[in-house]
Amino acid sequence: MRILNQTLLLAVSLTFLVSCQHSGKSVNDQGVNIAYTDEGHGDTTLLFIHGWDLDKSYWSGQVAHFKEHYRVVAMDLPGFGESGTNRSDWTAPAYATDVDTLMSQLNLQHVVLIGHSMSGDIALLAALGAPNRVIALVGVDNFKNIKPETEQQKEDDGRMMTVFKKGYKEAAIQFFKDDLFYTTTPDSIKKRILTDVINADSAIAIAALSAPQINETQSLESYGKPLYLINSTYQTTDTAALTAAHVPYNIQYITEVGHFPMVEKPQAFNADLDKVLGMIGH
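Following this note's numbering, the numbering of the sequence shown begins with 37 at its first residue and continues without gaps.
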């Protein structure tokens with residue numbers, strides 16, 4: 037009986053250890069905890085990075101779909117979700133360092149970085165920082181206009197940030213309603229996103245939104261590999277700018293969705309990402 041009990045205890049312990057490998061965990065980047073989930077197995081890793089005011093849970097439909105054939109990691113950027121807030125740098129280069137740290141500490145190889153919204157730039161910089169780990173970059177509803185901002189656009193951004201600083205919650209909610217939702221975006225998704233907007237740390241959200249933009253044209257030229265995009269059609273993607281910058285690209289379009297195609301039409305999004313992974317050869 038003692039041997040049987042010891043055997044059962046060992047089995048339970050091994051099961052616990054295996055399950056822990058796939059539960060929510062965190063790594064540390066310069067004193068800041070970065071929460072992540074890690075599921076599935078495969079030679080190729082899909083690393084999903086959420087957009088502004090969101091968190092890793094927005095990729096749940098993708099994790100469930102792709103974990104059968106890939107290792108799938110989804111992270112919370114510092115300042116959002118379950119990750120730490122104990123720092124003051126919320127720029128794309130700082131976030132790219134977080135991504136590189138996660139890849140390094142988990143020893144991820146053959147990584148496809150998938151970044152939504154503002155995380156397109158973050159993923160791009162992370163890819164530049166880890167060329168031996170990252171095999172492809174997939175932007176989700178981003179890189180729609182890679183040309184540098186005009187002076188007028190900078191002034192408009194400045195006025196918008198003034199409004200955000202005066203009343204973050206009201207301004208953010210209006211921003212999402214006016215610019216990021218589509219007419220067919222389900223009310224349940226709107227409610228979920230707006231709830232996360234309201235509950236976000238306003239100081240961090242504003243700092244991340246107002247951080248200096250990177251030069252996407254120069255960075256994409258330095259990257260030198262094909263850029264894969266899964267973009268919604270509610271706003272135009274300036275393909276002429278990509279062509280003019282000699283950026284090799286491929287775009288999968290999703291219609292009748294707003295800025296959040298992975299949750300608005302997860303099956304269509306997953307099908308498009310499957311196509312992209314086929315093009316990459318993984």
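Beta carbons: idealized from backbone N, C-alpha and C, even for Gly.
These figures come from a predicted structure and were not determined experimentally.
- For the 9 Å CB-CB criterion, Gly87 and Val176 form a contact.
- Taking Gln141 as reference, the option from Asn122, Arg169 and Ile150 with the minimal CA-CA separation is Arg169.
- With respect to the 9 Å criterion, Gly76 and Val99 are classified as neighbours on the basis of their beta carbons.
- Taken in chain order, the complete alpha helix (DSSP H) segments of 4 residues or longer contained in the segment 263–291 are 275–280.
- Distance between Ile287 and Thr275, taken at the CA atoms: about 9 Å.
- Phe296 and Gln66 have their C-alpha atoms some 31 Å from each other.
- A check of alpha carbon separations from Leu82 across Asp89, Leu161 and Thr73 identifies Thr73 as the nearest.
- Of the other Cβ atoms in all chains shown, 16 or more fall within 10 Å of the Cβ of Lys301; this residue is therefore buried.
- Asp193: member of the alpha helix (DSSP H) spanning Glu187 to Lys202, first to last residue.
- In this structure, Leu173 places its C-beta atom within 9 Å of the C-beta atom of Tyr259.
- For Met315, the closest C-alpha among the options Ala159, Thr291 and Tyr285 is that of Tyr285.
- Distance between Asp232 and Leu90, taken at the CA atoms: about 7 Å.
- Annotation for Gly115: Thr121, Trp126, Asp237, Ile240 and Ala244 place their beta carbon closer than 7 Å to its own, counting only its chain and skipping 5 residues before and after.
- Ser96 and Ser119 have their C-alpha atoms roughly 17 Å apart.
- By DSSP's assignment, Gly175 forms a beta bridge with Gly151 and Leu265.
- Going by C-alpha positions, Ser124 is about 25 Å away from Ile150.
- Taking 9 Å as the cut-off, the beta carbon of Phe84 is found closer than this to the beta carbon of His152.
- Leaving aside the five residues that flank Val135 on each side, the residues in its chain whose CB is nearer than 6 Å to its CB run, in chain order, Ala162.
- For the pair Val299 and Leu278, the Cα-to-Cα distance works out to about 27 Å.
- According to DSSP, Ile70 shares a beta bridge with Val63.
- In the DSSP assignment, Arg228 falls within the unbroken alpha helix (DSSP H) covering Asp223 to Asn235.
- As a beta-bridge residue in DSSP terms, Ile85 pairs with Met111 and Gly151.
- Here Val299 carries a helix assignment [DSSP, helix/strand/coil].
- Of all alpha-carbon atoms in Leu263, Tyr270 and Lys311, the one lying nearest the alpha-carbon of Tyr218 is that of Tyr270.
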